[in-house]
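Written below as C-alpha cells is the structure these notes are about.
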Amino acid sequence: MSGSSTIRPAMHPDDEAALLDSIQKWIDKDVRPVVMHHDHGDIWPEAIVAQMTEMGLFGATIGEEYGGLGLPAQTYAKIVMMISSYWMALTGIFNSHLIMSCAVERFGTEAQKQAWLPRFASGAVRGGLALTEPNAGTDLQSIRTTARRDGDHYVLNGTKTWISNSINGSCFALIAKTDPKAEPRYKGMSFFIAPKGEGLSVGKKFDKLGYKAIDSAELILEDYRIPAENLIGGVEGQGFFQATGGLELGRINVAARGVGIAEGALRLATEYAQVRESMGKPIAEHQAIQLKLGEMVTRARAARLLTLDAAAAYDRGERCDMEAGMAKYFASEAGVANAQDAMRIFGGYSYSKEYEIERYYRDAMLMCIGEGTNEMQRIIISKQWVKRNPA
C-alpha cells in the first residue's frame, strides 16, 4: 500500500493545447446551449454525462495502466477551469468520482486496483465520496457510521449527507468507524469501497441555492453488508489518512472551479461592459467600472497561478496540503468576489434569469465551503507554514 501520489510529468504543450481545444469545442457545441435548461430546472444532464464518459473524463486522473487518461493534475486543473468558466456544477460530477478513484489508486491493494479502477476509468461504475454526516463535516473524526466485522464481511450502519452523485452514482468511497472506542479517534476509522446494494439506500435530495443539476442527497446504511475485501488497503484504522490524503486532489479541483467562476464572471462582465452604454458611452469607459475590471482580472490571474502551483507540487509527488489549501482558499474567494462584482456591473439585469451571471453568483459561495471550509484552510496553511519555517 502506497500513500504517495504518482509522479506525472507535464504534458507536451502541443498535446495539452489540442486536448483543451477539443474541450472548448465540446463546450461551445454541446454544453453552452443547454446550461440554463438544466440549471433552472435542476435536471440531471444525462446526455452531457454520457459525452463526458465517452471523452474519458471519468478516468482523467486514473493511470493509463488501469484504462484512464493518466493526466497530470496541472492539465486536469486547466480542464476544470475551462468547463467551470461556463458551468461549474458539471465538473462536480466527475470530480467526486475521481476523488473516489484516487483513494483506491493511492491506497488500495493491487487486487482492488485491478478490480475497480478500469470500471471507474471507463465510467461503467461512477460515484463519489461519502464522508460527511449530519453531525460531522470538517470534523471528520466525529462520524458515527460504524462498520462491524462479521466473518468475511463488514456490516455498516449510519447516515451520510450532502453526498454528490448519490442518486445517479453507483459506488462510493465511504468512511466508517471500525473501532468506535479508539483513542485518538482517527485510529478507529476505515475506508471502504461501497457499491450500491441491499441495505444502502438514497434518502432526501437537497433543494439547493446553486450547484444545480448535480444530485446531492443522503445515503442511509441499514445493516449494509460488503465483503471484507472492500476495505481499502486491507488494514483497519487507516481511513482518516486515506480520506484526507485524497482531499489534496479535491482541493485542487475546487480551486480550479473557483478559478473558472472568477474567469467566467470576468468574461461576462467584460463583454457586457463594452455593449452597455451609460451617459453616452460604454460603461467600460467609466472609471468606476474600470476599477472593478482591474481587480477582477488580477484576482482571476492570481487564483489561476496559485492553483497551477499546487497542481505542479501534486504532480511531483510532494506533500501539498499547504499549496492546495492556499489555492482553494484564494481561488474560491476570488470566484465569490468576481461574481459579486460582475453582478454590480450588470446592475438590475443581474437579477434576471435571462442572464447567466446570476448562476455564477449562486454557485460561487459553495466553493468556500466544500472540501473543507476556508476557515479550516487558513488554519492548515498557518500550521504547515510554521512547521516548514521553525524558529
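Numbering (the numbering used here), first residue to last: 5 to 395.
Glycine included, C-beta positions come from ideal geometry on N, C-alpha and C.
Does DSSP put W91 in a helix, in a strand, or in coil? Correct three-state label for W91: coil.
Pick out whichever of L94, K387, E68 and Q78 has its Cα sitting closest to the Cα of Q55. When each option's Cα is compared against that of Q55, the closest is L94.
Rounded Cβ spacing between F124 and G63 (contact assumed at less than 8 Å): Sure, about 7 Å apart at Cβ, within 8 Å.
CB L272 to CB E379, shorter than 9 Å? For L272 and E379, no; Cβs fall outside 9 Å.
Candidates Y364, R305, G284 and D325, of which the one nearest I265 by Cα: Among Y364, R305, G284 and D325, the Cα nearest to that of I265 belongs to Y364.
Per-residue DSSP class, three states only, for K387: Helix at K387.
How is the alpha helix (DSSP H) around L144 delimited, first residue to last? Premise fails: L144 is in no alpha helix (DSSP H) and is neither H nor E.
My assumption, with CB atoms under 8 Å, is that Y318 sits in contact with I256. Please give the rounded CB distance. Confirmed, about 6 Å.
Pull up the distance between the alpha-carbon of D345 and that of M92, whole angstroms please. The straight-line gap from Cα to Cα measures roughly 18 Å.
Please list the terminal residues of the continuous beta strand (DSSP E) segment that includes R229. Segment S220 to P231, the beta strand (DSSP E) holding R229.
Could you check whether the segment 218-231 touches the segment 193-209, counting it as contact only if at least three pairs of C-beta atoms, one from each stretch, sit closer than 8 Å? Counting Cβ pairs under 8 Å, three or more are found: they touch.
Taking a contact to mean a Cβ-Cβ separation below 9 Å, would you say R323 touches Y215 in this structure? Going by beta carbons, R323 and Y215 fall outside the 9 Å limit.
Go through the segment 300-374 residue by residue and report every complete run of the alpha helix (DSSP H) that reaches 4 residues or more, in order. Complete alpha helix (DSSP H) runs here, min 4: 325-350, 361-368 and 370-373.
Which residue marks the beginning of the alpha helix (DSSP H) containing F62, and which one marks its end? According to the DSSP assignment, F62 belongs to no alpha helix (DSSP H), since it is labelled neither H nor E.
Give me the Cα-Cα distance between G139 and Y276, rounded to the nearest whole angstrom. Per the sequence presented here, residue 139 reads as Asn, with Gly not at that position. Answer to the nearest angstrom: the Cα atoms are 44 Å apart.
Residues that S26 bridges to, as DSSP identifies them: Beta-bridge partners assigned by DSSP to S26: none are found.
Top-ranked residue by Cα proximity to W389, from G131, K332 and D325: For the set G131, K332 and D325, the Cα lying nearest the Cα of W389 is the one of D325.
By a C-beta neighbour count over all protein chains shown, 10 Å radius and 16 as the cutoff for buried, is Q294 buried or exposed? When all chains shown are included, Q294 counts as exposed.
Classify A292 as buried or exposed, calling it buried when 16 or more other Cβ atoms lie within 10 Å of its own Cβ. Taking all protein chains shown into account, A292 has fewer than 16 neighbouring C-beta atoms within 10 Å of its C-beta and is therefore exposed.
Where does the unbroken beta strand (DSSP E) through D156 begin, and where does it stop? Counting along the chain, D156 falls outside any beta strand (DSSP E), and DSSP gives it neither H nor E.
Looking only at DSSP bridge pairs, what is F196 linked to? Per DSSP, L178 and L235.
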